[in-house]
Each structure stands twice: as structure tokens, then as C-alpha cells.
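Residue numbers (this note's numbering), protein chains in the order written: chain A, 220 to 541; chain B, 48 to 521. All remarks here apply to the structure that follows.
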Amino acid sequence: MDLKPANPNERRQYYREEWSVKDVPDFIRKSLIQREFGFDHMGRGPNDRYRVFQNIEYLRKFMRYRAPFAAYSSVAFYHKPRRRDGWIKAELVFDVDAKDIPLRSCGCANVCEICLGQAKEIVQGLVDTLSGDLGLSDIHIVYSGRGYHIRVQDDLVTRTDSDVRSQVLKYIVGSEVPRSEYSHDGMKYNLEHFTIPFAYPKVFTDRVKQAILSLDPSMELDGVNMKLIKDAIKHRRLLENDQWGIFRKNIGPQRYAKLVKGIASLNLTLVDAKVSIDLKRILRLPSSLHSGVSMKCTLIKNLESFDPFEDAVPNFVFERKD
Amino acid sequence: MVSISFLNPLSPEGKDIVRELGSFEAISQDIPELRNIVTHNPSQEIVDDDEIPSNYLELALKRMEWYIKKKNDRNFNARRYSFLADPAITKYDVISFYLLCQAIGVKFGPNSRENRVMVEAQGDLVQERLSKLHVDEARMMVEQSLQLLLADDRVHWTFFEELLSSRKIQLTDLILDQGELILDQEDFIQRFGPKIQHRNPLSMYQLLIGDELKEVIMVKLIMQATEDYIKQVNEKARIMVEPNPILLELADQLAEVLSEPMQRYGYGSNRGGGGPMKIGPLNPLAFPPCVKTAMEGIKSGGRNDAIVLFMTPFISYARLYPDVFRMNVTKRVSDQDPNLEIVENEILPLIYEAAENCQPPLFDDQPQEKVNINAKLGFGMHPSLKLEHEGETTWYTPMSCEKIKLHLPHLCKPDDVCKKIGNPLSYYNRMMWVLEHQENENSDDGEEDSNSGMGADSLSDVGMDSGDENLGEE
Ligand code: SF4
Ligand SMILES: [Zn+2]
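What follows is the structure, encoded as C-alpha cells:
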């Protein structure tokens with residue numbers, strides 16, 4: 220399926236015949252009047268901002284009549300959303316864009332089934348960490364049209380500042396190599412991350428594994444030369460059975476440390492950091508049309524069974540004659 | 048038995064001690080017993096009778112002097128302050144602690160350098176005291192303090208929000224399960240035991256959590272509580288009519304104690320190998336490629352970020368505090384440049400020059416960016432640099448290379464030196480060292496010594512060190 224932009228007629232058709240205001244997720248409808256909305260009418264970025272809808276009916280009308288190129292709403296809740304003033308709280312958001320996945324094996328120009336599949340796998344991992352380690356439960360996943368948004372609504376985190384958010388980000392993506400030296404009673408011990416099957420070292424191990432399994436000889440990693448990448452690929456089958464010790468031995472401990480450090484810094488780019496630490500950002504409105512690729516931004520009920528090419532394609536795409 | 052308030056004066060026990068004291072009357076009176084304790088401490092070294100604190104106020108100043116000297120004086124002699132780790136002084140120490148907090152709260156407020164030094168000093172003092180106790184006793188004290196501080200044995204990590212936000216602790220250092228912080232041994236074994244193979248869960252507990260993590264958390268919580276208390280005093284003081292003159296006087300003396308070593312020692316180094324990085328005029332020859340590019344001006348997008356978020360921290364730290372990552376001690380601009388002369392005459396002109404070289408020149412269409420530059424230097428969102436605003440924002444540390452590559456990729460054109468560093472500031476330090484070495488040895492091989500003791504960017508080698516809420520709002 221090719222991902223062509225939608226023309227104005229198609230957009231209109233979508234908002235008249237297919238879109239329903241009921242598709243706007245509850246977590247947005249409930250807080251409608253506290254959010255800022257933004258729109259892109261021309262396909263040049265959202266420049267119609269600071270919009271507020273007093274009730275869902277106004278939003279419905281706006282969407283139907285204007286059929287925007289793209290629609291957004293703020294992750295922040297405000298007392299005065301029209302002026303982006305009186306900040307109350309903001310959802311904690313992670314944006315995994317398939318196009319920006321650091322280790323893409325598909326090499327496509329935009330997005331395709333392969334990288335979207337990869338993005339989904341990454342999202343699954345991040346969500347597991349958010350709920351497992353970090354004990355958050357009010358988590359929504361949205362297909363964005365080119366990737367996924369994870370939107371966390373738990374009261375525990377919606378009032379936190381950018382610094383705390385960046386710490387959460389670093390934790391869930393595994394961008395910090397866990398220390399391997401520990402001491403007790405004046406003795407020093409070595410514990411590699413993969414020998415600790417819980418908490419952050421485990422998260423890190425999972426992310427590193429995911430990365431090494433998708434390494435490609437043509438890829439560049441900070442501080443890692445080609446030979447090292449090749450060797451990692453050569454031995455990576457060991458990781459499928461979690462034989463980390465042998466893998467590390469084959470690579471050599473010092474080179475292993477380099478490899479892992481390179482991957483850690485790469486992991487930081489799994490998620491668009493700017494989105495997560497910005498407390499006033501606007502994010503694509505679930506249910507709206509991503510006109511650039513003619514796909515629906517969709518709230519996902521079941522990530523495992525979700526298939527963007529099944530569940531997020533608007534009807535007009537099937538009616539196209541070309 | 049050591050009292051819990053010896054570590055945490057804000058504990059209920061500590062509060063009782065303050066309550067018993069009652070009024071301010073007794074504050075400046077001589078306390079023979081205190082002198083007695085000090086002079087009888089077996090490891091105490093006394094050179095001059097004046098060094099013995101004889102009342103609460105003097106003890107308070109000694110506490111701070113200890114910290115400042117320890118940090119700055121290369122000839123620091125710990126034995127002259129042995130009494131500070133003697134549990135016998137607890138009663139007096141607690142009062143001194145409160146006096147300090149109140150003096151700072153009343154006179155300087157929560158954003159002051161005095162506040163910061165006090166909080167850090169308290170943290171160090173707690174650690175120092177623990178290290179002097181017998182292992183078992185220290186362990187018990189930590190255990191007890193934590194129980195008081197955490198109030199509940201089930202603590203969600205968001206409880207540490209403030210500590211995480213101020214980066215006193217890292218989320219990745221905590222052992223978490225279902226959102227809860229795991230500190231307790233039984234809890235640990237119950238939750239993780241079944242997952243651990245080929246190892247003894249108990250010894251794993253001792254390594255991962257054991258005494259160390261508990262101690263860190265306790266210390267940081269006490270620091271946070273101290274900070275909160277000072278803030279609270281400050282808020283009350285603003286409503287109150289007149290602060291006690293004794294407190295104001297203590298505040299003045301404290302300011303003296305804090306400023307003296309700055310003049311005497313500049314800022315020094317007592318950690319790690321190698322001497323301190325010298326502060327001095329900037330040498331553009333040592334600038335990394337990204338800074339050179341930015342100096343020539345940004346031609347297209349990303350002008351604001353390049354000047355405000357990238358150049359401002361780089362130029363200011365390179366000039367005033369090139370050692371920041373190695374020292375791992377946060378400072379303010381005025382700690383290094385008390386009258387802001389260097390900032391006004393050297394740093395801002397250079398940043399403005401880079402801004403002027405942009406196309407179009409940055410301030411032509413975005414004059415408000417000057418305010419943002421001031422904010423990144425730590426002076427809040429104000430059009431001019433005023434000491435009274437310092438601390439409203441933090442002095443941003445230079446972005447790591449990694450972050451530059453993410454946010455300002457067009458600036459980064461790495462050369463060979465770049466391979467060895469993680470932050471442009473380390474590049475600068477390294478090159479400064481090389482350049483100096485070349486001069487000194489008068490030889491032209493630029494081969495550098497890998498043991499130069501530089502480039503350990505402990506503070507922010509990887510990732511998102513400075514909170515950049517301004518990055519790309521769209
Ligand atoms: S590697 Fe670092 S120091 Fe070198 S040009 Fe890039 S950002 Fe600058
Ligand atoms: Zn693809």
C-alpha cells in the first residue's frame with residue numbers, strides 16, 4: 220500500500236462520511252475545555268493554534284466544515300487554554316516515530332510495514348516498563364499515522380516537570396549503562412547488567428538485546444567501529460537464548476563495554492525526547508486524519524492485534540482509482 | 048546510643064531539642080560544656096583557642112566553615128573539625144542547624160547560594176558522621192532515619208519527584224517494582240528471589256541495595272528536607288514583621304565565611320588527579336568544531352537554540368567553570384564572577400557576536416532572546432543581569448555532543464579530538480591542555496598524554512543533562 224497524501228476532497232469525504240466525534244477518546248473529551256487545539260489547514264504545520272472548544276458539538280462542527288489537513292490538541296490542561304495560561308498538568312507522552320527509529324532494517328523512504336512493525340515492538344517494550352517497573356496504569360496507545368504515541372494519564376506523573384520526565388524517558392529507553400561495579404563490606408564485585416534479572420538493569424538488557432538483534436553492518440554507532448558491529452552480528456544468535464556471558468566473552472569485555480555504551484546513547488533516540496519533556500506540546504488528535512500519509516490517527520484497543528494497514532486506513536483510500 | 052537528630056535535626060527528636068531551648072535569649076551565651084566536649088575529643092587538633100566554638104552561633108559558623116574549607120582549601124585539615132563528628136555535640140548541633148536555616152531563610156531565601164551551600168553541607172556532614180560510626184550502628188541509624196523519612200514502607204517512586212527533578216538522585220539508580228521503591232531485604236527477596244538464578248539472592252541484595260543505596264536516599268532526603276525547611280522559614284519571614292537581629296547578624300557572618308575562600312583560593316580542586324583547570328581568558332584556538340561553526344553564525348534554522356541553549360552555556364562555562372563536569376559541584380555564575388564583570392565584558396559580548404553573525408542577526412527579529420540568554424546563565428527571565436535574580440533559573444551546563452547531534456545536527460562536524468570526548472567543554476579543556484603543553488615544552492608534537500586527568504564528564508556525559516523546556520515547541 221502506498222502512503223500518498225490525501226487531497227482536499229478526500230479530507231472532506233473523510234470528515235463527512237467516516238469520522239465521528241465519538242472516535243475522539245474519552246480522555247480528551249472529558250477534558251475538552253481545558254485543552255488547547257491546533258490545526259494545520261494548508262499542510263504547512265499547525266499555525267492555527269490557541270483554539271478552544273466549549274463542548275464537543277463545536278469540535279464536531281469545526282472538523283466537519285473545515286476538514287483540516289491535520290488536527291492537534293494539547294497534552295497540557297490549562298485554566299486558560301486560549302492563552303496557554305494557568306498550566307494545570309500535562310499527560311506524559313512518548314513519541315515513537317517509525318521514520319526515526321535508529322536501527323531501521325527496512326531502509327524505506329517514509330514508513331512501511333517493516334518499520335511500523337519495529338515501532339510497535341519498541342512501544343510494547345516501553346509500555347511494559349511503564350506499567351511494570353514504574354507502576355503506571357492509565358496508559359493509552361495511539362497510532363499516529365507514522366508511528367505511535369504513548370500517552371500516560373496517571374495523576375502520579377502528570378504534574379511532574381521536564382526533568383522528571385527526562386529521567387523517566389532515560390529509564391524506559393535504557394539510555395544509561397547500569398554500573399557494573401558494586402561493593403559490599405569493603406570488597407568490590409562485578410555484576411554485569413545481564414546478570415540482574417529485574418529493575419533497570421533488566422530494562423537495559425532488553426533494550427540492548429532488541430538493538431543488537433536489529434543491527435545491520437551498514438549502521439553507524441558512536442564509538443563503535445565496523446569490525447565491532449560485524450562481530451556483534453556474528454555472535455548475536457547467542458542472545459536469542461540469553462547467553463550474554465558467552466557473547467561478551469566472544470566480543471571481548473572492553474569492546475563489549477564500547478558496544479553497550481554506543482547502544483545506550485542510540486537508545487535515547489528511540490523516542491523523540493522533545494515531545495516528552497515539553498509540557499505544552501500539541502499532539503495529533505486521535506481519530507483525525509493524517510493527510511500526509513492518508514491514515515487515521517487511531518486510539519488502539521489492543522496493541523498486539525492492531526495492524527495499521529487494516530485498522531487505520533480511511534475508506535477513501537480503497538476507493539482511489541490509480 | 049547516638050541520637051537520630053545527630054543525622055537529621057528535622058526529626059521529631061530534633062524538634063524537641065529546639066522546643067526545650069525555648070527563647071532566643073540563650074543563643075549567644077557561652078556554653079562551657081560545648082568547649083569541654085571539643086577539647087576532650089581525642090582526635091581533635093587545636094591550634095588556637097579561637098578555633099573552639101563556645102556558643103551556638105560559633106558552632107553554626109564552624110559547620111559551614113568546615114564545608115567550605117573542605118571543598119576549596121587544598122591544605123584542609125580535617126582534624127581541626129573532628130568535633131563535628133562527635134555525637135556528644137548533638138544537642139548543640141541541632142540548635143545550630145536551626146539557627147543556620149532560619150538565618151538563611153530570613154536573609155537570603157531559597158534561591159540563594161547560601162541556601163545551596165547549607166543544603167550541600169548538611170548532606171556532606173551526615174555522610175561524614177555516618178562514616179565515623181561503627182558499621183552496625185550506622186546501619187541502624189540509617190534504617191531508623193529512613194523509617195521516619197519515608198513514613199510508609201510502600202513508597203512509590205514519584206515520592207522522590209523533587210529529588211529526581213533536582214537530579215539529586217537518578218531514577219535509573221533506584222530498584223523499582225510495580226512503581227515501588229524496593230529497599231527492604233525481605234521485600235527484595237520476595238519479589239525478585241524467584242527470578243534470580245545461579246546466585247544467592249541475599250548477596251545480590253547486599254550488592255544492589257545493601258547499605259549504600261539506603262544511605263544515599265537517606266542523605267538526599269535530609270538535604271531535601273533542609274531545603275524545604277529553609278523555604279518555609281522564608282515564606283513565614285515575608286509575612287512576619289521583624290526578624291530577630293541575632294539571625295540577621297548570623298546571616299552576615301555566614302556570608303563572610305562563604306565569600307572568604309572564594310577570594311583566597313579562587314576555586315580549587317581537591318578531587319581526582321591533576322590540578323584544577325585554570326580559569327582564564329578564552330582561547331578560541333581550543334574551541335571544538337561545533338563552537339567554531341556557531342561563532343561564524345547560523346545561517347538557517349535553529350538560530351535560537353544554537354545561541355541560547357548551546358553557545359551560552361558553553362562560553363560561560365568555558366570561561367568561568369571549565370571544570371564543572373569533573374568537579375561535579377553545581378555553582379552559580381556569581382560564585383566564579385562575583386561582580387559579573389567577566390560576564391558583562393567577555394562572555395555576553397562573545398555570545399552577542401555569534402548572534403549578530405546569524406542570518407538574519409538573531410536579535411533583529413527576536414530581541415527577547417536576550418532574556419533567554421540571561422535565564423540560561425541563571426538570572427531568571429529578566430532583561431538585565433541582577434544578582435538578586437540569580438538562582439531563579441539554573442546555570443545550564445553545556446549540552447553533550449550526543450544532544451547536539453540530536454537537536455543541532457548541522458553544528459557537529461567532528462574531528463579527531465571529538466572521538467575522545469562526550470561534551471564540547473571536554474574538547475575545550477583537552478585542547479587547552481594540549482596547547483599549554485605545546486607552549487611549555489616548546490615542542491610541536493601535539494601528541495597528548497592520555498593520563499592528563501581530563502575529560503571525565505561525570506555530570507552529563509550522556510544525554511539530557513540540562514532541562515531544555517524551550518526546545519522546539521511546535
Ligand atoms: S563531536 Fe561534540 S565537540 Fe565535536 S563537533 Fe560534534 S558536538 Fe562538537
Ligand atoms: Zn520502513
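The C-beta atom is built at its ideal place from N, Cα and C for all residues, glycine as well.
So, is the C-beta of G425/B closer than 9 Å to a C-beta in chain A? Proximity of G425/B to chain A, defined by a Cβ-Cβ separation below 9 Å, is not satisfied.
Using the three-state DSSP reduction, which class does G322/B fall into: helix, strand or coil? Model confidence at G322/B stands at a pLDDT of 45, short of 50, so the residue's coordinates are unreliable; what they give is reported in the following sentence. If DSSP states are grouped into helix, strand and coil, G322/B belongs with coil.
Within 9 Å, strictly: CB atoms of V390/B and V376/B: no
Using a threshold of 9 Å, state whether the C-beta atoms of L453/B and T340/B are closer than that. no
Put L518/B into one of helix, strand or coil per three-state DSSP. Reliability of the predicted coordinates at L518/B is poor, the pLDDT of 29 falling under 50, and no value is obtained from them.
Is the beta carbon of T424/A sitting closer than 9 Å to the one on Y390/A? no
Check your reading: residues with Cβ closer than 6 Å to ligand 1 heavy atoms: Going by the Cβ distance cut-off, the answer is P335/B, P336/B, C337/B, C448/B, I451/B, C459/B, K460/B, P461/B, C465/B, P471/B and Y474/B.
Closer than 8 Å: I333/A CB and nearest ligand 2 heavy atom: yes
What span of residues does the alpha helix (DSSP H) with I247/A cover, start to end? D245 to R248
Could you tell me the distance, in whole angstroms, from the CA atom of L251/A to the CA atom of D526/A? 28 Å
Which residues of chain A have a Cβ atom closer than 8 Å to the Cβ of T444/B, listed in chain order? Residues of chain A passing the Cβ test: none, with the nearest at roughly 13 Å.
In chain A, which residues lie less than 9 Å from Q225/B when you measure between Cβ atoms? Result: S350, G351, D352, L353 and G354.
Ligand 2 heavy atom lying under 8 Å from the CB of A531/A: With a cutoff of 8 Å, A531/A does not count as near ligand 2, since its C-beta is closer than that to no heavy atom of the ligand.
Whose C-beta lies closer than 8 Å to the C-beta of S159/B among residues of the same chain, with five residues either side of it excluded? I151 and G438
Name, in chain order, the residues that DSSP records as bridge partners for L223/B. L228/B
Do V65/B and E184/B come within 9 Å of each other at the CB atom, strictly closer than that value? no
Exposure of L81/B, with buried meaning 16 or more beta-carbon neighbours within 10 Å: buried
Considering only C-alpha positions, which residue in the set M265/B, R126/B and L367/B is nearest to L210/B? Considering only alpha carbons, the answer is M265/B.
Is V512/A near ligand 4, with its Cβ less than 8 Å from a heavy atom? This structure lacks ligand 4; its bound ligands are ligand 1 and ligand 2.
Rounded to whole angstroms, what is the Cα-Cα separation between R539/A and H509/A? 17 Å
Quick one: using the 10 Å Cβ neighbour count with 16 as the cut-off for buried, is A328/A buried or exposed? exposed
Could you give the residue range of the beta strand (DSSP E) that holds M406/A? M406 to N409
Report yes if the C-beta of G326/A is less than 8 Å from at least one heavy atom of ligand 2; otherwise report no. yes
Would you check if there are 3 or more beta carbon pairs closer than 8 Å linking the stretch 293 to 303 of chain B to the stretch 137 to 156 of chain B? yes
So which residues of chain B does D435/A contact, with C-beta pairs closer than 7 Å? Neighbours of D435/A on chain B: none; closest Cβ ~20 Å, over 7 Å.
According to a CB-to-CB cut-off of less than 7 Å, which residues of the stretch 203 to 217 of chain B neighbour chain A? H203, W204, T205, E208, L211, S212, R214 and Q217
Runs of beta strand (DSSP E) lying entirely within the stretch 292 to 333 of chain A, each at least 3 residues, in chain order: 295 to 299, 304 to 309 and 311 to 316
Taking only beta-carbon atoms, is K346/B less than 9 Å away from chain A? No, because no Cβ of chain A sits closer than 9 Å to the Cβ of K346/B.
When you measure from the CB of R365/A to every non-hydrogen atom of ligand 2, does any distance come out below 8 Å? no
On the three-state DSSP scale, how would you describe G366/A? The answer is strand: DSSP assigns G366/A an E or B state.
Whose C-beta lies closer than 8 Å to the C-beta of E175/B among residues of the same chain, with five residues either side of it excluded? L131 and A132
Return the chain-ordered list of same chain residues with a C-beta closer than 6 Å to the C-beta of D224/B, the five sequence neighbours on each side being excluded. R238
T219/B: which of K468/A, L353/A and I341/A sits nearest, CA to CA? For T219/B, the nearest C-alpha among the options comes from L353/A.
When DSSP labels each residue in this structure, what does D492/B get in the three-state scheme? Confidence is the limiting factor: at D492/B the pLDDT is only 36, short of 50, which leaves the residue's position unreliable, though a coordinate-based value still follows. Correct three-state label for D492/B: coil.
Which chain A residues are close to I222/B, counting only those with a beta carbon under 7 Å from its beta carbon? A418
Answer yes or no: do V392/A and V490/A have a C-beta to C-beta separation smaller than 9 Å? yes
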